[in-house]
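Going by mature numbering (1 follows the signal peptide of the UniProt record, and there is no 0), the letters in the sequence shown line up with residues -22 to -1, 1 to 522, in that order. Beta carbons are placed, not taken as given, at the ideal position from N, Cα and C, and that holds for glycine. Below you'll find the structure, written out as structure tokens, and then a few comments.
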Amino acid sequence: MVKTIKWLAGVTAVAATVTLLAGCTDTKEATPKKEAAATPSAQSNPRTGGLSLPLSSTPVTYKFLIREVADIPVKNDWLVLKELAKKTNVNIQFEPVPSTGYEEKKKLLIATNNVPDFSLVNETDALKAGPDKVFLNLKPYIDKGLMPNVKKLMSEIPDIAAVTTAGDGGIYSLPGLSEPNWLSYSWMVREDIMKELGLQAPKNTDDLYRILKAMKEKYPKSFPLITQNAAAAGANVPSLFNVFTTMFTETTSALGYNPFNKKYEFAPNHPQYKSMLTYLNKLYTEGLLDQEFAIMKTQNWEQRVQSGTSFMTYYNKGRIDIFTDAAVKADPNAKYNMVGMTPVAAPGMRPFQLIKAKVNAPVSVALSANIKNPEVAVQFFDYLYSDEGSDIYMLGAEGVTYEKVNGKAQYLPAFGTIPTAIQSKLKTEYGVRYNNFPLLNYVNKGRDAEPPMTKKLQELEAMNAKSALDPSPSVVATEAELSLEKSKLPSLEKYIEQKLTEFVMGKTAITDAALTDFIAQCKKLGSDDLIKMYNEQLQRALKK
């Protein structure tokens, strides 16, 4: 599983007079059904894992702290919430917080032990605050048989227990689960431009340069290569620096995982790192790379790829259809055709991509230790991991958002044929597959209900599968490790990104002396300490 780098932001100090609105259950006490206290029978309803519905004979309401997606405001009358309530007699009221302020709000609620009934957290929040009676210990309920679906998943996926079990043996959160063997990102290029210039797909970075050079010569006002951002060290960020670090050093970022050596490495120590900087500087100097790469915003990136200012990028693979369809919609006669491109590497290096981790611990959910009717709450939580429960938030309601075709769930034709457009409409209007709420993506229900992948995406999947590698194991940080990372990582990442930008833009000459000074300063900021810590975490994970 992919390594989870823990981010422990400091809790913002506030005046004691500030009143926090904490979530709570309805004032009415719910009446759990008698079955709630007994071990559910797996034979009673296989699609619920044996949970007997409704979970309570009287309605119960729980507040749920959730990160709100910028373009999709949360609605408490979404179809998903109504369907869950209809089945379970449990009502969920979201307490949305904008992404920009979510971490601060969450940590303040945790620090004051004022968390709502359900909270979106990362596993580190739960591991640290759970034993302090902030979050409910789920283990006794799992052991009593009240969470049969979770218990089954934990037996099938040992990494769940590995990343959720705290030092006291308690389990205070449960993680999101992703689709198996899923590659999210890909290179993409304008096939129509490639054909026009008689170009073939690149096999290495030398070929890549020649392609970009040919595009620039034909279209001198263009900047053929563009990326959505330039972040230098963040894990799993599809950025300029991370992608090219992978291509030249076989390490996923400046402080990244090398899947061939199966350890974490500080990429600037690699003998090819200077070559990477020189290569990027050459792209920038010759106008082959967008000149605003360091300050790129999503809207500008989209506009430049869509308008034909740039011809090649790296991002979520679904974009190949989005860009093409938008261009054709704007101009039915447009020859615009974005297609996927396999990853390449510098000569002597091996191209690869890491598949997405199945256990997505940074997106976890925890229950308040003070939650009312905990037996109802934990069974509702478990229901979300059941076959029937996951149908609701991954598919919606039959006849409203999906239909059965030859026994297989399919989203209604009215939603269109482009998966990303389907997902957007389902999230916005119905709450189906809303970010940070669905927990069981790994069953592929959502993907399977979409129209078949376009031929372009199918071809891309087959191409990229050849270079797909397993991610690093999931790890759990100790309190001391969290403290070390908090004190070192932010300033180190900021420095690395600043210096790489200077190297690429030519503001700092790429000399042996400059690179030596750069590495020395990184060491002062903690690069060696962090790499040592990450590898110690990795070794612990491998021994489990």
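message: Please report the distance separating the alpha-carbon of Thr263 from that of Trp279.
response: Position 285 of the sequence shown, counting from 1, holds the residue named residue 263. Position 301 of the sequence shown, counting from 1, holds the residue named residue 279. Spanning the two alpha carbons is a distance of roughly 20 Å.
Test item: CB-CB of Tyr163 and Asn338 under 8 Å: Residue mapping note: residue 163 aligns to position 185 of the sequence shown, counting from 1. Residue mapping note: residue 338 aligns to position 360 of the sequence shown, counting from 1. No. Outside cutoff.
query: Among the residues of its own chain, which have a CB less than 7 Å from the CB of Pro202, if the five just before and after it don't count?
result: If you number the sequence shown from 1, residue 202 lands on position 224. So the qualifying residues of the chain are Leu190, Met193, Lys194, Leu266, Ser288, Phe289, Met290.
query: How is Trp279 classed by DSSP in three states: helix, strand or coil?
result: For the purposes of this step, residue 279 is taken as residue 301 along the sequence shown, with counting starting at 1. DSSP places Trp279 in the helix class (H, G or I) of the three-state scheme.
field: Simplified DSSP assignment, three categories, for Ser346
entry: As a position in the sequence shown, residue 346 is number 368, starting the count at 1. Looking at Ser346 - three-state DSSP - the assignment turns out to be strand.
message: For Glu475 and Lys83, I'd like the C-alpha separation in whole angstroms.
response: Locating residue 475 in the sequence shown gives position 497, where the first residue counts as 1. Locating residue 83 in the sequence shown gives position 105, where the first residue counts as 1. C-alpha separation (whole angstroms): 27 Å.
task: Would you be able to state if there are at least three C-beta pairs under 8 Å between the region 384 to 401 and the region 37 to 47?
output: Between the region 37 to 47 and the region 384 to 401, the count of C-beta pairs closer than 8 Å stays below three; the two stretches do not touch.
query: Should Gly377 be counted as a contact of the ligand COA given a C-beta to heavy atom distance under 7 Å?
result: Here there are no bound small molecules, and the ligand COA is not part of this structure.
query: How about Ser465 and Glu101: are their beta carbons less than 8 Å apart?
result: For the purposes of this step, residue 465 is taken as residue 487 along the sequence shown, with counting starting at 1. For the purposes of this step, residue 101 is taken as residue 123 along the sequence shown, with counting starting at 1. Not a contact, by the Cβ cut-off of 8 Å.
Assumed close pair Ile120, Ile88 - CB separation to whole angstroms, cut-off 8 Å: Taking the sequence shown and counting its residues from 1, the one referred to as residue 120 is at position 142. Taking the sequence shown and counting its residues from 1, the one referred to as residue 88 is at position 110. In fact, because the Cβ distance is near 23 Å, the residues do not count as touching under 8 Å.
field: Segment contact, 8 Å Cβ cut-off, at least three pairs: the region 245 to 263 with the region 344 to 361
entry: no
message: Rounded to the nearest angstrom, what separates Gln517 and Ser156 at their Cα positions?
response: Residue 517 sits at position 539 when you count from the first residue of the sequence shown. Residue 156 sits at position 178 when you count from the first residue of the sequence shown. When rounded, the distance between both Cα atoms is 24 Å.
- prompt: Considering Tyr242, what are the terminal residues of the beta strand (DSSP E) in which it resides?
  reply: Position 264 of the sequence shown holds residue 242. Here the beta strand (DSSP E) through Tyr242 covers 241 to 244.
- request: Determine which residues share a DSSP beta bridge with Gly318 and list them.
  value: Residue mapping note: residue 318 aligns to position 340 of the sequence shown, counting from 1. Per DSSP, Met166.
message: Here's the rule I'm using: 16 or more other beta-carbon atoms within 10 Å means buried, otherwise exposed. How should Ser452 be labelled?
response: Start at 1 with the first residue of the sequence shown, and residue 452 comes out as number 474. Answer is buried; the Cβ neighbour count reaches 16.
query: Helix or strand or just coil, what does DSSP make of Gly176?
result: Counting from one through the sequence shown, the residue named residue 176 turns up at place 198. Coil.
task: Taking Arg425 as part of the alpha helix (DSSP H), name the residues at either end of that continuous run.
output: On the sequence shown, residue 425 is found 447 positions in, with the first residue counted as 1. Run containing Arg425: 423 to 427, per the alpha helix (DSSP H) assignment.
Rounded distance between the beta-carbons of Ile333 and Pro449, thought under 8 Å: As a position in the sequence shown, residue 449 is number 471, starting the count at 1. As a position in the sequence shown, residue 333 is number 355, starting the count at 1. That pair is a contact at about 6 Å.
- request: Counting only the same chain and skipping the five closest in sequence on each side, list residues whose C-beta sits under 6 Å from that of Gly27.
  value: As a working mapping, residue 27 is identified with position 49 in the sequence shown. If we look at Gly27 and ignore the five residues flanking it on each side, its Cβ neighbours are Pro126, Asn127, Ser364.
query: Do the region 303 to 310 and the region 161 to 180 meet, that is, are 3 or more Cβ pairs less than 8 Å apart?
result: Fewer than three beta-carbon pairs drawn from the region 303 to 310 and the region 161 to 180 are found closer than 8 Å, and the two stretches are therefore not classed as touching.
query: Taking one C-beta from the region 176 to 183 and one from the region 314 to 327 each time, how about it: are there three or more such pairs within less than 8 Å?
result: yes
message: For Phe238, count the other beta carbons within 10 Å of its own beta carbon; 16 or more makes it buried, fewer makes it exposed. Which is it?
response: By one-based count along the sequence shown, residue 238 stands at place 260. Phe238 should be labelled exposed.
- prompt: Helix, strand or coil: which one does DSSP assign to Ala15?
  reply: Locating residue 15 in the sequence shown gives position 37, counting from the first residue. Interpretation of Ala15 is limited by its pLDDT of 40, a score under 50 that renders its predicted location unreliable; the figure taken from the coordinates is listed afterwards. Helix.
Bounding residues of the alpha helix (DSSP H) (the contiguous stretch that carries Asn294): The count along the sequence shown starts at 1 and reaches residue 294 at position 316. Where Asn294 is concerned, there is no enclosing alpha helix (DSSP H), although the beta strand (DSSP E) it sits in stretches over 290 to 294.
task: Using DSSP bridges, identify the partner residues of Lys386.
output: Your numbering for residue 386 matches position 408 in the sequence shown. Paired residue(s): Val383.
task: Report, in whole angstroms, the separation of the C-beta atoms of Leu33 and Thr66, which I expect to be a contact under 8 Å.
output: By 1-based counting over the sequence shown, the position of residue 33 is 55. By 1-based counting over the sequence shown, the position of residue 66 is 88. Right, their Cβ atoms sit about 5 Å apart.
- prompt: Would a C-beta distance cut-off of 8 Å place Lys434 and Ile298 closer than the cut-off?
  reply: Here residue 434 refers to the residue found at position 456 of the sequence shown. Here residue 298 refers to the residue found at position 320 of the sequence shown. In contact: Lys434 and Ile298 (Cβ atoms closer than 8 Å).
task: Might you give, ordered along the chain, the residues of its own chain that have their beta carbon closer than 8 Å to the beta carbon of Lys111, omitting 5 neighbours on each side?
output: In the sequence shown, counting from the first residue as 1, residue 111 sits at position 133. Contacts found: Asn91, Ala347.
query: Would you report the Cα separation of Tyr242 and Met132, rounded to the nearest angstrom?
result: Translated into the one-based positions of the sequence shown, residue 242 becomes position 264. Translated into the one-based positions of the sequence shown, residue 132 becomes position 154. If you take the alpha carbons of Tyr242 and Met132, they lie about 27 Å apart.
query: Using the C-alpha atoms, what's the distance from Val354 back to Ala208?
result: Start at 1 with the first residue of the sequence shown, and residue 208 comes out as number 230. Start at 1 with the first residue of the sequence shown, and residue 354 comes out as number 376. C-alpha separation (whole angstroms): 46 Å.
query: For Leu29 versus Asp360, is the C-beta distance shorter than 8 Å?
result: Taking the sequence shown and counting its residues from 1, the one referred to as residue 29 is at position 51. Taking the sequence shown and counting its residues from 1, the one referred to as residue 360 is at position 382. Cβ distance < 8 Å, so Leu29 and Asp360 count as in contact.
query: Can you tell me the Cα-Cα spacing of Ala492 and Glu228, whole angstroms?
result: Numbered from 1 along the sequence shown, position 514 holds the residue referred to as residue 492. Numbered from 1 along the sequence shown, position 250 holds the residue referred to as residue 228. Each residue's alpha carbon lies about 23 Å from the other.
- prompt: How is Lys79 classed by DSSP in three states: helix, strand or coil?
  reply: Sequence index remark: in the sequence shown, residue 79 carries index 101 (1-based). Note on identity: in this sequence residue 79 is Gly, with Lys being the wrong assignment. Gly79 falls in the helix class under three-state DSSP.
- prompt: Around the C-beta of Asn384, are 16 or more other C-beta atoms found within 10 angstroms, so that it is buried, or is it exposed?
  reply: Translated into positions along the sequence shown, residue 384 becomes position 406. Under this definition Asn384 is an exposed residue.
task: With a threshold of 16 other CB atoms inside 10 Å of the CB of Ser217, please say whether the residue is buried or exposed.
output: As a first step, residue 217 is located in the sequence shown; it is residue number 239 there, counting from the start. Buried is the call here.
Thr406 vs Leu57 beta-carbon contact at 8 Å: Residue numbering aside, residue 406 sits at position 428 when the sequence shown is read from its first letter. Residue numbering aside, residue 57 sits at position 79 when the sequence shown is read from its first letter. No, they are not a contact pair.
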